[in-house]
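What follows is a set of notes on a single structure, which appears directly below.
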Amino acid sequence: MAGVAAEALALLQRGDSASAQALVEAACARGDGDALAMRALWRVEGRLVPRDLIAARADLAAANTIGAARILAGFLAAGTGGKRDWAGALAMLDDWASRDPVAAQQRALIAAMAIDTKGDPIALPTVKPLSDSLMILALPGLLTAPECDLLAALSDRRLRPALIFHEGQKRFVADPIRDSDAAGFPIVSEWPAIHAINRRLAAVSGTTVEQGETLQVLRYRPGQQYRPHLDAVPGLTNQRSLTLLVYLNDDYQGGETHFTRLPLTHRGRKGDGLLFANTLPDGRPDPMSEHAGLPVQAGLKLIASRWIRQRPPESPDGFGQHEAMA
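So, in structure tokens, the structure goes:
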């Protein structure tokens, strides 16, 4: 990052947020693309300036940079900060494909998807029940190999040690039961291809796309695991009622998904999904849903994960601190 944006970041690192804001505002008034993109991100985050997704979308449109165009295409695809415009999102990918390889890659991937003019899937995989005690469904071929590869490639540089939000400390800390690396695709990274995948995950789970938390990609190295746990969070008024996993590769040993109280151990092939319920009929966490990601013995395990709530968020800020961060 060069110019005004780099200078503003340096000021922020020194703790001089007032000078950084003044610098960026002046550059935005001159139509500086990097400054407009930076202000858009500030408006999404709601840290230095009030959160305003409508204004952020306008800044992104005015910025006319690769980074801003990627985010704006996602905003159009998902309807963030304004009216949803799937056709407009695809047109943006077409416009930027010759200048941005990620746009070209997304456009080719979307062209191969069996979707309608709104980006919704035309067909879904046949489900295979795995248990009589708990709703656990195998979803063969939920994603294609190229779709899995895209998620793996886009998450590679953003993978960081998995964190959880500590209620007592009011901050993110290392996850004590999961030693994987994680990468999320929040609204600034829910680009059109990612959004189309999220719509498929919603359709196959019988939910709306708005009920899903941020899509995550998890990477497990040899010896790493996700110890026995429940995905439902005690006390949530809008509970994580469903979990949907997608196996992004299969060239590793170990790493099976194990339901500790059934017992059931399952491992899908690349592109296969696994959907299961986390709650009882009254919304309380179901102890029978306790599960673990067993230790990887060799190779790298990549898996996509999406927690699905009982209903969409009531706040425009989404699901708050319990939502996966990136």
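full-length UniProt numbering puts the first residue of the sequence shown at 1, with every later residue one more than the last. For every residue, glycine included, the Cβ atom is placed at its ideal position computed from N, Cα and C.
query: Tell me, which residues are paired with LYS301 by DSSP?
result: TYR220
query: Do you know offhand how far LEU230's Cα is from VAL296's?
result: Taken atom to atom, the span from the alpha-carbon of LEU230 to that of VAL296 is near 20 Å.
query: Quick check: the region 178-198 against the region 281-288, are there 3 or more CB pairs under 8 Å?
result: The answer is no - the region 281-288 does not touch the region 178-198, with fewer than three Cβ pairs under 8 Å.
message: Assuming contact is defined by CB atoms lying nearer than 8 Å, are GLY119 and TRP96 in contact in what I supplied?
response: no
message: In whole angstroms, give me the CA-to-CA distance for ILE115 and ILE122.
response: 5 Å
query: For ARG227, which of helix, strand or coil comes out of DSSP?
result: strand
message: Going by beta-carbon coordinates alone, are VAL44 and ILE187 separated by less than 8 Å?
response: yes
- request: Report yes or no: do the region 63-76 and the region 28-42 share at least 3 C-beta pairs separated by less than 8 Å?
  value: Short answer: they touch.
Three-state class that DSSP yields for GLY67 in the structure shown: Three-state DSSP puts GLY67 in a helix.
- prompt: Expressed to the nearest angstrom, what Euclidean distance is found between the alpha-carbon atoms of ALA56 and TYR220?
  reply: 35 Å
message: Using the Cβ count rule (16 or more neighbours within 10 Å means buried), how would you classify SER155?
response: buried
message: If you measure between the beta carbons of ALA145 and GLY271, is that distance less than 8 Å?
response: yes
field: ALA89 to ALA73 span [Cα, whole Å]
entry: 5 Å
message: If I measure Cβ to Cβ from LYS83 and keep anything under 6 Å in the same chain, skipping five residues before and after, which residues do I get?
response: none
message: Does the structure place the region 300-318 close enough to the region 206-224 that three or more beta carbon pairs sit under 8 Å?
response: yes
query: Considering SER17, what are the terminal residues of the alpha helix (DSSP H) in which it resides?
result: According to the DSSP assignment, SER17 belongs to the alpha helix (DSSP H) that extends over 17-29.
field: Neighbourhood of residue 327 by C-beta, 6 Å cutoff - its chain only, sequence neighbours within 5 removed
entry: Nothing can be reported for residue 327, as the shown portion of the chain is limited to 1 through 326.
query: Just the Cα atoms here: how many angstroms apart are MET113 and GLN106?
result: 11 Å
- prompt: Just how far apart, CA to CA, sit ALA18 and LEU245?
  reply: 43 Å
task: Quick one: give me the first and last residue of the alpha helix (DSSP H) that ILE194 is part of.
output: 192-205
query: Exposed or buried, ILE110, counting other C-beta atoms within 10 Å across all chains shown (16 or more means buried)?
result: buried
message: As a quick exercise: from PRO125, MET92, VAL24 and LEU134, pick the residue whose alpha carbon is nearest that of LEU262.
response: LEU134
Span separating the alpha-carbon of PRO176 from that of GLU290: The straight-line gap from Cα to Cα measures roughly 16 Å.
- request: Return the chain-ordered list of same chain residues with a C-beta closer than 6 Å to the C-beta of VAL140, the five sequence neighbours on each side being excluded.
  value: What sits at residue 140 in the sequence shown is Pro, not Val. So the list reads PRO125 and ASP272, once near-sequence residues are dropped.
message: Within a Cβ cutoff of 6 Å, which residues of the same chain sit near GLN239, ignoring the five residues on either side of it in sequence?
response: ALA232, THR279, GLY283 and GLN310
field: Buried/exposed call for ILE71, threshold 16 Cβ in 10 Å
entry: buried
task: Going by DSSP, name the residue or residues bridged to ALA183.
output: ALA183 is bridged by DSSP to VAL217.
- prompt: Considering LEU12, what are the terminal residues of the alpha helix (DSSP H) in which it resides?
  reply: 4-13
- request: Return helix, strand or coil for GLY88, following the three-state DSSP convention.
  value: helix
- request: Using only alpha-carbon positions, find the residue among SER241, ALA292, HIS266 and THR237 that is nearest to GLU314.
  value: THR237
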